[in-house]
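With numbering that gives the first Met the number 0, the residue at position 168 of the sequence shown is 167, and numbering never jumps.
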Amino acid sequence: MRDVGVSGLGVLTPIGATPDTFWKALTDPFPHFAPPTSCPQVGVPVGEILATDLVAESVLPRPSLCDRSALLAVAAARDALDDACLTADDCDPDRVAVIVGSGAAGVATIEEQYDLLYRRRRPRVSPLTVPKMMNSAAASWIATAFGFQGPAFCVSSACASATHAIGIAARLVESGVVDVAVCGGTESCLAEGPLRAWHALGVLTKDTCRPFSASRTGLVLAEGAGMLVLESAEHARARGFVPRASVVGSGWSADAGHLTRPSADGMARAMTKALREAALRPEEIDYINAHGTGTLSNDPTEVTALRAVFGSVPVMSSTKGTTGHSLGASGGIEAVATLLAMEYGMAPPTANFDGPDPECDLDCVPNVAREHPMRTVMSNSFAFGGLNASVVFQRI
């Protein structure tokens with residue numbers, strides 16, 4: 000089995016569109032208050048920042064054929080490939096995989112076309128509706144944009160989608176099926192229908208996301224993309240490139256229980272499996288990027304799971320207080336955050352924290368970033384449907 004390196008990072012979020020700007024915002028956060036509407040959402044969504052020129056026509060000849068989630072994916076993949084100094088000429092295109100996670104791909108397109116059909120009484124929808132709304136579109140467009148011809152598919156496991164995609168991609172590289180994998184997640188769900196659906200579920204906050212805080216009232220939805228380029232150590236060495244880090248383990252589990260009520264046992268099993276695959280003891284993890292949604296049920300359940308696995312829990316924090324929750328993309332975005340935390344030796348804070356909750360009695364690095372040397376780190380994603388995923392990275 001081969002060593003798997005992380006050669007490149009790409010990220011598009013409400014707080015930054017490059018790893019540098021993203022990291023600066025994570026470590027010096029400011030509160031993101033949602034507007035006073037019936038459908039609370041992130042105050043400055045990516046749609047307000049990067050609505051034009053996400054992808055140049057030199058990369059995608061006809062970006063109008065893409066749903067916004069696919070455009071975000073291609074743009075983040077482009078940046079990750081640039082960061083890895085990798086082009087199609089540097090590898091065998093048949094040995095490059097594209098594995099993308101998305102929880103609700105194409106919902107913006109569906110919303111747009113249903114608006115035309117039902118509100119505006121148009122007699123037909125666009126013939127591009129199906130290719131734009133299909134779940135596999137993001138992987139197809141990345142493969143098309145960069146000429147990659149290996150395995151290409153999307154993973155849909157709600158908020159664990161991107162972390163599952165990274166784990167699957169790492170195993171494809173490790174096993175020798177491919178030399179390189181572009182992987183991560185994308186989501187663009189800030190349309191009226193999806194927002195009203197989440198509002199009806201009762202998990203959206205009316206002001207801001209406060210993970211692990213006593214006064215937390217829910218999550219803030221966001222859109223974005225986070226992509227990694229994974230590469231076998233041999234392939235990187237052959238082209239004289241030194242990866243940023245290694246993927247050393249991933250773990251997956253299903254609660255097989257309630258669709259929306261989380262299970263500490265399911266979370267714990269995913270983390271335990273990731274540690275086992277990495278051949279690591281719990282005390283060897285230096286930092287954990289928690290799922291930390293800021294909902295009443297997730298946060299104490301996650302704390303229980305962390306205590307079950309680690310006993311004395313490592314330094315941990317949730318970055319969703321700063322980024323918002325981008326659903327299927329969140330694991331990709333948080334993988335980037337976790338890798339940058341390891342590189343900089345600094346734990347990003349849990350933003351908007353305004354007081355401890357006895358049920359969440361862990362140090363979550365409240366409000367202020369903390370210097371903390373790290374060699375081995377974990378990123379967790381725990382999703383509706385009881386679908387759990389953890390991934391472990393290590394400094395090379």
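Ideal placement from N, C-alpha and C gives every residue a C-beta, glycine not left out.
**Message:** Within the continuous beta strand (DSSP E) that includes S231, where are the two ends?
**Reply:** G223 to S231
**Asked** How close, in whole Å, do the beta carbons of D66 and T26 come, if the pair is a contact with beta carbons under 8 Å?
**Response** The pair is not a contact, with the Cβ atoms about 32 Å apart (cut-off 8 Å).
**Prompt:** Should G225 and A334 be called a contact, given that it needs their Cβ atoms to be closer than 8 Å?
**Reply:** yes
**Request:** Taking 8 Å as the cut-off, decide whether the C-beta atoms of S262 and G385 are in contact.
**Result:** yes
**Request:** Flag this pair as yes or no: are the beta carbons of P150 and V177 separated by less than 8 Å?
**Result:** yes
**Item:** Span of the alpha helix (DSSP H) around R77
**Value:** R67 to D82
**Asked** Mind pulling the alpha helix (DSSP H) runs of 4 or more residues that sit fully within the region 136-173?
**Response** 136-145
**Asked** To the nearest whole angstrom, what separates the beta carbons of V390 and V246, a pair I think is in contact under 8 Å?
**Response** 7 Å
**Item:** Rounded straight-line distance, which links the Cα of G100 to that of S396
**Value:** Look at the range of the chain in this structure, 0 to 395, and you will see that residue 396 is not part of it.
**Asked** Would DSSP call H290 helix, strand or coil?
**Response** coil
**Asked** Which value, in whole angstroms, describes the spacing of the CA atoms of D78 and V3?
**Response** 20 Å
**Asked** Given a threshold of 16 other Cβ atoms within 10 Å of its Cβ, counted over all protein chains shown, does G320 qualify as buried or as exposed?
**Response** buried
**Request:** Buried or exposed for A213, please, with buried defined as at least 16 other CB atoms from any protein chain shown within 10 angstroms of its CB.
**Result:** exposed
**Prompt:** So which of A278, V95, L116 and S187 has the shortest CA-CA distance to Q148?
**Reply:** V95
**Asked** What is the residue span of the alpha helix (DSSP H) that I109 lies within?
**Response** V106 to Y113
**Request:** Please say whether A235 and S6 have beta carbons closer to each other than 8 Å?
**Result:** yes
**Asked** Does the count of Cβ pairs from the region 12-26 and the region 250-260 closer than 8 Å reach three?
**Response** no
**Prompt:** Alpha carbon to alpha carbon, what distance is there between G344 and N134?
**Reply:** 37 Å
**Message:** Measuring only the C-alpha atoms, how far is S125 from L115?
**Reply:** 9 Å
**Message:** Could you give the first and the last residue of the continuous alpha helix (DSSP H) run that contains R268?
**Reply:** A263 to A277
**Cβ neighbours of L171 in the same chain (closer than 7 Å, five flanking residues each side left out)** = A96, P150, V177 and A180
**Request:** Give the straight-line distance between the Cα atoms of C84 and Q112, rounded to the nearest whole angstrom.
**Result:** 39 Å
**Message:** Determine whether the beta carbon atoms of S316 and A221 lie at a separation below 8 Å.
**Reply:** no
**Prompt:** In its own chain, which residues sit with a C-beta less than 8 Å from the C-beta of G354, not counting the 5 before and 5 after it?
**Reply:** S212, A213 and S214
**Asked** If we ignore side chains and look at the alpha-carbon of each, how far apart do T162 and M266 end up?
**Response** 13 Å
**Request:** Would you mind reading off the limits of the alpha helix (DSSP H) that contains A336?
**Result:** S329 to Y343
**Asked** So, do the region 303-317 and the region 268-284 have three or more beta carbon pairs nearer to each other than 8 Å?
**Response** yes
**Asked** When you compare only the Cα positions, how much space is there between D362 and C208?
**Response** 17 Å
**Message:** Using the three-state DSSP reduction, which class does N297 fall into: helix, strand or coil?
**Reply:** helix
**Item:** Under the three-state DSSP convention, the category T207 falls into
**Value:** coil
**Message:** Between the alpha carbons of D93 and G146, how many angstroms are there, rounded?
**Reply:** 9 Å
**Prompt:** When burial is assigned at 16 or more other CB atoms within 10 Å of the CB, is D298 buried or exposed?
**Reply:** buried
**Message:** S380 and C182 - do their beta-carbons sit closer together than 8 Å?
**Reply:** no
**Item:** Where the alpha helix (DSSP H) through T202 begins and ends
**Value:** In the sequence under discussion, the amino acid at residue 202 is Val, which differs from the Thr named in the question. Run containing V202: none; DSSP gives neither H nor E here.
**Request:** If I'm right that S160 touches G192 with Cβ under 8 Å, what's the distance once you round it to whole angstroms?
**Result:** Rounded, the Cβ-Cβ distance is 20 Å, inconsistent with contact.
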